[in-house]
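> Quick note on the working numbering: the sequence shown kicks off at 38 and runs consecutively.
Dropping the structure in here first, questions after.
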Amino acid sequence: MTSKPDLGLIVAILSGFAVVAAIIAGLTTVGSPSTARDRRLDDAHYQAIGAVATAAQCYFETTHRLPTSIDEARTALVAMNYDNRDCERGALRTDLEELVSYEVAAPDRINLCAEFRRSSPPESRRSFQVYADRFPELAASRTEIGRRCYLIRLRRV
38 MTSKPDLGLI VAILSGFAVV AAIIAGLTTV GSPSTARDRR LDDAHYQAIG AVATAAQCYF
98 ETTHRLPTSI DEARTALVAM NYDNRDCERG ALRTDLEELV SYEVAAPDRI NLCAEFRRSS
158 PPESRRSFQV YADRFPELAA SRTEIGRRCY LIRLRRV
């Protein structure tokens, strides 16, 4: 007499291998949860720097002077009527402002700093490319982890 193989056990083992393979493939493609978190935080910091630089640029174009603080630039964005579409859409969110330190570095330059967890620049996404196109200083790659400052020159248009 021959015994029939237990198909339930075979299916369970194959299913287990498939699940493990899917997890390994996912971690290889996306990275670990901590890597994904670091990427999101760095992207938020980069976006905050771009938004603050845009607000300062709008203020500079209108007043021909630099805002003394991020709050002054945000208040002006709300109060002034800009001809520039980037300025109209450039409202600053308070949660983004807190991620960036701001200081006036020269009559036409601001220094924006943030903490980064990864050495690579943000992944090329359309929203980030806008900032790099507008402010070439933001296109520079980061080679270090930690505090990174961008000295941004504002231009009169």
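The beta carbon of each residue, even a glycine, is placed where N, CA and C say it ideally should be.
Being a predicted model, the structure only gives us computed values, none of them experimental.
(1) Could you tell me the distance, in whole angstroms, from the CA atom of C124 to the CA atom of A59?
(2) What three-state label does DSSP hand R77 in the structure shown?
(3) Are the CB atoms of S138 and L149 within a distance shorter than 9 Å?
(4) Excluding the 5 residues flanking M117 on each side, which residues of the same chain have their C-beta closer than 7 Å to its C-beta?
(5) Note down, in chain order, each residue of its chain lying with its Cβ closer than 6 Å to the Cβ of R185, except the 5 sequence neighbours on either side.
(6) Based on the DSSP secondary-structure assignment, which residues constitute the bridge partners of F153?
(7) Less than 9 Å between the C-beta atoms of R76 and D145, yes or no?
(8) Would you mind working out which of F165, T72 and A73 sits nearest T91, comparing C-alpha positions?
(9) My understanding is that V89 touches I61, with C-beta atoms under 8 Å, so please give their C-beta distance in whole angstroms.
(10) Would a C-beta distance cut-off of 9 Å place L175 and V141 closer than the cut-off?
The short version:
(1) Rounded to the nearest whole angstrom, the C-alpha separation of C124 and A59 is 45 Å.
(2) Helix, per DSSP.
(3) Judged by their CB atoms, L149 and S138 are nearer to each other than the 9 Å cut-off.
(4) So the qualifying residues of the chain are T99.
(5) Here the set comprises F153 and R179.
(6) According to DSSP, F153 bridges with G183.
(7) No Cβ-Cβ contact shorter than 9 Å links R76 with D145.
(8) Looking at the Cα atoms, F165 is the closest of the given residues.
(9) About 40 Å; that fails the 8 Å criterion.
(10) Taking 9 Å as the Cβ cut-off, L175 and V141 do not qualify as a contacting pair.
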